[in-house]
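K.L.:
Quick one: this structure, given as structure tokens, is what I'll be asking you about.
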Amino acid sequence: QVQIYELEEHKIETWRELYLQETFKPLVNISPDASLFDAVYSLIKNKIHRLPVIDPVSGNALYILTHKRILKFLQLFMSEMPKPAFMKKNLDELGIGTYHNIAFIHPDTPIIKALNIFVDRRVSALPVVDESGKVVDIYSKFDVINLAAEKTYNNLDITVTQALQHRSQYFEGVVKCSMLETLETIVDRIVKAEV
């Protein structure tokens, strides 16, 4: 078993051998001639956030397709396409969202507990909720990368609040929506906030 302090010495190849030998899955990718629908379907079906677009001849990665980039494309070209009626419906009418058993953490939650929730619940971000139940921040897997970049992963007992003080990029706050807002409004907000 690899100790946490050995992380700096490990190569990706070694990591793959150690940790993926029982769970190895082939790389999910898509060809540049595939439709946008096929790409979205593959992202959803495979429960992934990034889909490499691979040149079938050279095998080179041409692009990484993400939910965020697809949303931005759709938002940019929405005016040129027929707008589906569901874009004018609100979240409540569409039944979109998670309303029960939501994974969350508190400002004083230790990072190790947040990491376990990421793995156990298969989520990429956790709302940080204060004692009154208000969302005050968000802790994402991208924030975890800061631990490795700053080599502060030896102390996983620090709180989420302490870890978020090391956030590398500018953070404008939590982007929220309500169940009564239309899908179109929310997509616009997500794209403009670049979340």
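Oh and the sequence shown: position 161 is 161 in UniProt numbering, straight run, nothing missing.
Backbone N, C-alpha and C fix where the C-beta goes; we use that ideal spot for every residue, glycine too.
Model, not experiment: these values are computed from the prediction.
Looking only at its own chain, which residues have a Cβ that is under 7 Å from the Cβ of Val40, when we skip the five neighbours before and after it?
P.N.:
Closer than 7 Å at Cβ, skipping near neighbours: Ile70.
K.L.:
For a quick check, are the C-beta atoms of Ile96 and Leu183 less than 9 Å apart?
P.N.:
Yes. Within cutoff.
K.L.:
In terms of residues, what are the limits of the beta strand (DSSP E) holding Ala125?
P.N.:
Taken as a continuous stretch (DSSP letters only), the beta strand (DSSP E) holding Ala125 covers 125-129.
K.L.:
Below 6 Å CB to CB, which residues in the same chain sit around Lys113 once its five sequence neighbours on both sides are set aside?
P.N.:
None.
K.L.:
Please go through the segment 59-124 and give each complete alpha helix (DSSP H) segment of 4 or more residues, from N-terminal end onward.
P.N.:
You should have 67-77, 91-94, 111-121.
K.L.:
May I ask which residues mark the beginning and end of the alpha helix (DSSP H) holding Ile158?
P.N.:
Taken as a continuous stretch (DSSP letters only), Ile158 belongs to no alpha helix (DSSP H), as it is neither H nor E.
K.L.:
Inspect the beta-carbon positions of Val128 and Asp137 and report whether they are closer than 9 Å.
P.N.:
Yes, they are a contact pair.
K.L.:
Are at least three pairs of beta-carbons, each pair with one atom in the segment 55-68 and one in the segment 29-37, less than 8 Å apart?
P.N.:
Touching, yes.
K.L.:
Please work out which residues of its chain come closer than 6 Å, Cβ to Cβ, to Val119, disregarding the five sequence neighbours upstream and downstream, and give them in chain order.
P.N.:
Answer for Val119: no residue qualifies.
K.L.:
What's the C-alpha gap between Glu194 and Lys68?
P.N.:
Approximately 8 Å, taken between the alpha carbons.
K.L.:
Mind checking whether Asn116 and Glu181 have CB atoms under 9 Å apart?
P.N.:
Cβ atoms of Asn116 and Glu181: not closer than 9 Å.
K.L.:
On the CB-based measure, 16 or more other CB atoms within 10 Å of its CB, does Ala163 come out buried or exposed?
P.N.:
Answer is buried; the Cβ neighbour count reaches 16.
K.L.:
By Cβ distance below 6 Å, which residues in the same chain neighbour residue 199 in space, the five residues on each side in sequence not counted?
P.N.:
Absent from the structure is residue 199, since the part of the chain shown begins at 1 and ends at 195.
K.L.:
How is Ile48 classed by DSSP in three states: helix, strand or coil?
P.N.:
In this structure, Ile48 counts as coil in the three-state DSSP scheme.
K.L.:
If the criterion is Cβ atoms closer than 9 Å, does the pair Arg189 and Val175 meet it?
P.N.:
Yes, these two residues count as a Cβ contact at 9 Å.
K.L.:
Where do the ends of the beta strand (DSSP E) carrying Ala138 lie?
P.N.:
In the sequence under discussion, the amino acid at residue 138 is Ile, which differs from the Ala named in the question. Its beta strand (DSSP E) spans residues 135-140.
K.L.:
Which same chain residues, not among the five before or five after Lys192, have their C-beta less than 6 Å away from its C-beta?
P.N.:
Excluding positions up to five away in sequence, the list is empty.
K.L.:
What's the gap between the Cα of Thr98 and the Cα of Phe104?
P.N.:
Thr98 and Phe104: Cα-Cα distance of roughly 12 Å.
K.L.:
Counting only the same chain and skipping the five closest in sequence on each side, list residues whose C-beta sits under 8 Å from that of Ser140.
P.N.:
Cβ neighbours of Ser140 beyond the five flanking positions: Ser124, Ala125, Leu126.
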